[in-house]
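Basically the working numbering = 1-based index in the sequence shown + 538.
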Amino acid sequence: MTRTIKLALLSLAMLTSVAACAAQQKKTEVKNDEGTTAASTSVVLAADRIDQYVPLLKGKRIALLSNQTGITSKGKHVLDVMLENGLKVTEIFSPEHGFRGKADAGEHVSSSVDEKTGIPIASLYDGKSNRPSKESMDKFDVLVTDLQDVGLRYYTYYITMANLMEACIEHNKEFVVFDRPNPNGMYVDGPILDMELKSGVGRFPICTVHGMTMGEIALMANGEGWLKDGKQVKLTVIPCLNYTHQTRYELPIAPSPNLPNMLSIYLYPSICYFEGTTVSLGRGTDQPFQCYGHPDMTCRPFDFTPTSRFGAKTPPQQDKLCHGVDLRGLKYEDVIARGIDLTYVVDAYQDLRSQGKQFYLKTGKRNFFNLLMGNTQVAEMLEAGKSATEIKASWQPDVEKFKAQRKPYLLYAE
């Protein structure tokens with residue numbers, strides 16, 4: 539594959555390097571003209587960089603892919619800021635959980651109208667299609683994405699972005715990413731997705747914890763030919779300032795209903811695998827993704843009962859007393875240092891299987907645990923009695939391979 543690297547770094551000491559790879563010349567741009575300044579070393583979000591994106595978007599009809607996370611550092615929604623600066627937003631697209639971020643995981647969300655602005659909202663999670671209609675595509679010239687991701691292959695916001703990138707290729711529209719920090723961007727971990735297991739929780743051949751921002755993923759998808767038929771979208775990424783992949787960026791707003799705080803976000807890479815099992819990970823409690831348990835797990839110090847509530851209408855093991863482990867006492871740095879910690883999964887698997895109890899969810903032809911994991915080898919090793927350390931060692935070659943592959947697309951220092 540032919541690649542070109544375009545550097546768009548103009549007199550900004552705050553951003554050490556900006557590089558974008560593309561298979562075709564001039565298809566990809568990193569917009570970082572001189573002008574934006576920061577009063578301190580705090581992270582400057584792309585949504586804050588009005589002097590960068592207003593000239594780029596002025597006079598064009600704009601569609602916005604965003605949700606409740608699309609806010610500036612001052613707490614204003616990017617939609618309102620765009621309108622205040624005379625930009626013409628004609629359509630809003632909403633990802634999983636809806637434009638206001640209130641729906642359950644995977645819940646179908648109907649299209650609607652934004653009450654504040656009167657702009658139509660086209661849901662991409664309405665149960666009909668994950669792509670916009672031709673009618674929607676005809677309403678705009680350029681699509682802007684501003685979503686706060688958490689850096690996991692099975693977190694669906696990047697998949698929604700990829701679907702819209704392909705729609706923009708088909709309809710000859712421009713695509714712009716307002717970048718945001720990745721709160722799990724400090725490391726890379728987990729196996730590369732086996733593309734035989736491509737699904738709604740895994741789109742690209744990337745590690746489980748990919749350590750990239752949405753802008754970097756867009757650049758990589760464009761440059762590696764991962765979009766439909768290997769085609770490229772006309773892509774511009776507006777990067778953050780004063781950010782590196784070692785920056786600890788605490789999210790000002792929950793990215794989805796069951797990731798309410800930073801501990802849940804840091805534990806997410808280790809706990810989410812329980813979604814493919816009979817084990818509760820705390821949905822329907824005050825500590826989602828910060829505990830795990832099951833009615834049949836034995837000799838456990840922590841009890842909880844999942845109930846129907848906002849963001850978890852029908853949680854696993856609903857109304858059943860679960861016995862398990864409370865992880866809320868863990869320190870952030872310890873969780874980050876461990877990366878994907880499979881001791882929780884191994885613990886629950888061995889407990890339930892020793893009693894002859896069901897561990898994996900029955901979800902049709904494909905094992906959802908394998909879809910989340912991205913391969914079948916981990917389940918095989920789990921069933922063979924391998925330790926968490928042995929299983930983790932099995933994917934280290936994937937980690938090194940992916941880190942080298944992604945390097946040309948990184949906008950921020952590692």
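Even for Gly, the Cβ is constructed at its ideal location relative to N, Cα and C.
- Residue 569 carries a coil assignment under DSSP once its states are collapsed to helix, strand and coil.
- Setting aside the 5 residues that flank it on each side, residue 628 is surrounded in the same chain by 599, 677 and 678, each with a C-beta closer than 6 angstroms to its C-beta; the list follows chain order.
- At a Cβ-Cβ threshold of 9 angstroms, residue 836 and residue 893 count as neighbours.
- Beta bridge pairing from DSSP links residue 847 with 850.
- In the three-state reduction of the DSSP assignment, residue 712 falls in the strand class.
- Residue 879 sits close to residue 926, with the two beta carbons spaced by under 9 angstroms.
- Contact annotation: the stretch 733 to 742 does not touch the stretch 590 to 597, with fewer than three C-beta pairs closer than 8 angstroms.
- In the assembly as shown, residue 611 is an exposed residue. Its beta-carbon has fewer than 16 other beta-carbons within 10 Å.
- If only uninterrupted alpha helix (DSSP H) runs of at least 4 residues are considered, those enclosed by the stretch 727 to 800 are 752 to 761.
- In this structure residue 683 is buried. Its beta-carbon is surrounded by 16 or more other beta-carbon atoms within 10 angstroms.
- In the DSSP annotation of this structure, residue 694 is not part of any alpha helix (DSSP H), being labelled neither H nor E.
- Sorting 827, 585, 760 and 832 by C-alpha distance to the C-alpha of residue 887 places 832 at the top.
- Shown here, residue 817 sits in coil according to DSSP, grouped into three states, outside any helix or strand.
- Between residue 790 and residue 588, the C-beta spacing is not below 9 angstroms.
- Remark: C-beta atoms of residue 771 and residue 712 approach each other more closely than 9 angstroms.
- Counting along the chain, the unbroken alpha helix (DSSP H) around residue 875 starts and ends at 870 to 876.
- Per the Cβ contact rule, the stretch 613 to 620 is not in contact with the stretch 689 to 706 (fewer than 3 Cβ pairs under 8 angstroms).
- By the Cβ neighbour-count rule, residue 859 is exposed, with fewer than 16 other Cβ atoms within 10 Å of its own.
- Residue 807 and residue 591 have their alpha carbons spaced roughly 33 angstroms apart.
- Residue 631 is bridged by DSSP to 603 and 660.
- Counted as a single uninterrupted DSSP element, the stretch harbouring residue 687 is not any beta strand (DSSP E), since DSSP gives it neither H nor E.
- When only Cα atoms are considered, residue 655 and residue 631 end up about 14 angstroms apart.
- Taking a cut-off of 8 angstroms for Cβ pairs, the stretch 765 to 779 and the stretch 844 to 851 do not touch, as fewer than three such pairs fall below it.
- Here residue 580 carries a coil assignment [DSSP, helix/strand/coil].
- Burial state of residue 786 is exposed, judged by a 10 Å Cβ sphere holding fewer than 16 other Cβ atoms.
- Using a 10 angstroms sphere on the CB of residue 719, the tally of other CB atoms reaches 16 or more, which defines it as buried.
- Between the stretch 748 to 755 and the stretch 698 to 716, the count of C-beta pairs closer than 8 angstroms reaches three or more; the two stretches touch.
- In the DSSP assignment, residue 864 falls within the unbroken beta strand (DSSP E) covering 860 to 864.
- Judged by beta-carbon spacing, residue 728 lies beyond the 9 angstroms limit of residue 857, meaning their Cβ atoms are not closer than that value.
- Within the same chain, and ignoring the five residues on either side of residue 725 in sequence, the residues whose Cβ sits closer than 8 angstroms to its Cβ are 747, 749, 874 and 877.
- For the 9 angstroms CB-CB criterion, residue 690 and residue 633 do not form a contact.
- For residue 897, no beta strand (DSSP E) run applies, since DSSP gives it neither H nor E.
- Spatial neighbours of residue 904 in its own chain (CB-CB distance under 6 angstroms, excluding positions within 5 residues in sequence) are not present.
- The Cβ neighbour count for residue 921, taken over all protein chains shown within 10 Å, is under 16; the residue is labelled exposed.
- Taking the C-beta atoms as reference points, residue 797 is found nearer than 9 angstroms to residue 827.
- Rounded to whole angstroms, residue 801 and residue 872 show a C-alpha spacing of 11 angstroms.
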